[in-house]
Structure formats: C-alpha cells, structure tokens
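Trainee:
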Amino acid sequence: MNRYIPFVIFFFSTLLIFIIILGLKKTKHNIFLYCASFIYLNCVWWLILHPNSSFGVDYYYMPHFFFKNAKIVYKVCGLTDPSTFLNITMTIPAGIMIHLYLKNWLNVITVILCAIMIGFFNEGTQFLFDILFNLNRTVDITDVCTNSLGVLIGYIMTKYGVNSPTS
Numbered sequence: 001m002n003r004y005i006p007f008v009i010f011f012f013s014t015l016l017i018f019i020i021i022l023g024l025k026k027t028k029h030n031i032f033l034y035c036a037s038f039i040y041l042n043c044v045w046w047l048i049l050h051p052n053s054s055f056g057v058d059y060y061y062m063p064h065f066f067f068k069n070a071k072i073v074y075k076v077c078g079l080t081d082p083s084t085f086l087n088i089t090m091t092i093p094a095g096i097m098i099h100l101y102l103k104n105w106l107n108v109i110t111v112i113l114c115a116i117m118i119g120f121f122n123e124g125t126q127f128l129f130d131i132l133f134n135l136n137r138t139v140d141i142t143d144v145c146t147n148s149l150g151v152l153i154g155y156i157m158t159k160y161g162v163n164s165p166t167s
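Going by full-length UniProt numbering, 19 is the number at position 19 of the sequence shown; the sequence numbering is gapless.
Now the structure itself:
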C-alpha cells in the first residue's frame, strides 16, 4: 500500500495548486483549461508513479544496471517498441499546454529546454520514487528522448497548426 504514496502526494499537490489557481482566474476558458490540465497531469502521475509487478520481458535484454532497486536502461534502444509511440503520445498534451499557458514568454531554445526538462523530470521522478518506495519502474534514457519529442510535437502542433488561433 505504501507504494502508492508517491501518486497520492502528487495528486493532492496538483489538486491544491489547481484549487488556488481556479480561485484567481474564473473565466470559462480558464476553468476548462485548468480542469483539463488537472485531469491530464493526474493521468501522467498515474502512468509514471504506479507500481509495476515486474520489469517486463523486453527490458530484460536491454543494456541496464541497477542503482539500489531502480533499474536504469542507459542506451537509447527499443525505438520500434509500441511503448515508444505511447511515450510520445503521452507528452503531446504537455507541449500543447506549454504553448497555451506560456506562449508570450517562450522562444525556440526555451521550448526545447522545457521539453528536455519534462523528459528528465518524468524519468527522474520514477528513479527517485523507485529508490524510496520500490515501484519496480524502469528508468530509461529512451523515454527521456521520446517524452521530449512528444512535448515538442504538441507545442509545434499548437503553434503552427492549421486551426491554431496564433498561426
């Protein structure tokens, strides 16, 4: 049961932040955007922080090492695995939200850095909580790359999309 503590911490932290933000800006557009962001972030927290029962067969053959009980895959591999596409898809909404929330403050370098930081945050969070709570998660450099790519795709889709209000 204590293996679910990381998700509970992130869920209630996100809930508290969004309650505070909703109290500040109450337009219909903002309420919808913040609620959608809340739902999305908690889905991502669940995907990142839920405990696995095992590491899975595919990761068994990838070059890896263990740091305490965290399994770290240190080479970019498995790009043909369907989970690669799912990792990209999982972070496309993050890129969309970055554009919607921060469009006035971003340049290309900042967007790329945000994308990389989100990839490292996702895997770093898995790494930290795997050490602390033994979640049986695999920390994978490929996931950092695919998460970053998903953020960039989402940002580009929103910024340069055909129906984008800013295009």
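Note that the Cβ used here is the ideal one computed from N, Cα and C, for glycine as well.
If you compare alpha carbons, which of ILE153, PHE10, PHE11 and THR146 is closest to residue 236?
Mentor: Lying outside 1 to 167, the shown extent of the chain, residue 236 is not represented and no answer is given.
Trainee: Between the C-alpha atoms of GLY23 and ILE31, what's the straight-line distance to the nearest angstrom?
Mentor: Here the question's residue 23 lines up with position 23 in the sequence shown. Here the question's residue 31 lines up with position 31 in the sequence shown. Rounded to whole angstroms, GLY23 to ILE31 spans 10 Å at the Cα level.
Trainee: What are the partner residues of ILE72, as DSSP defines its beta bridges?
Mentor: Here residue 72 refers to the residue found at position 72 of the sequence shown. Partner(s): PHE65 and VAL139.
Trainee: What first and last residue would you give for the alpha helix (DSSP H) that runs through residue 174?
Mentor: Missing from the structure shown is residue 174; the chain here goes from 1 to 167 and no further.
Trainee: Would you mind reading off the limits of the alpha helix (DSSP H) that contains ASN2?
Mentor: In the sequence shown, residue 2 corresponds to position 2, counting from 1. ASN2 -> no alpha helix (DSSP H), and no H or E assigned at all.
Trainee: How big is the Cα-Cα spacing for ILE118 and HIS64?
Mentor: Residue 118 sits at position 118 when you count from the first residue of the sequence shown. Residue 64 sits at position 64 when you count from the first residue of the sequence shown. Each residue's Cα considered, the two are about 22 Å apart.
Trainee: Let's test the definition: count the other Cβ atoms within 10 Å of the Cβ of CYS114 and tell me whether it reaches 16, buried, or not, exposed.
Mentor: Counting from one through the sequence shown, the residue named residue 114 turns up at place 114. It is buried - the Cβ of CYS114 has at least 16 other Cβ atoms within 10 Å.
Trainee: Identify whether LEU149 lies in helix, strand or coil by the three-state DSSP scheme.
Mentor: The residue labelled residue 149 in the question sits at position 149 within the sequence shown. LEU149: helix per DSSP, three-state reduction.
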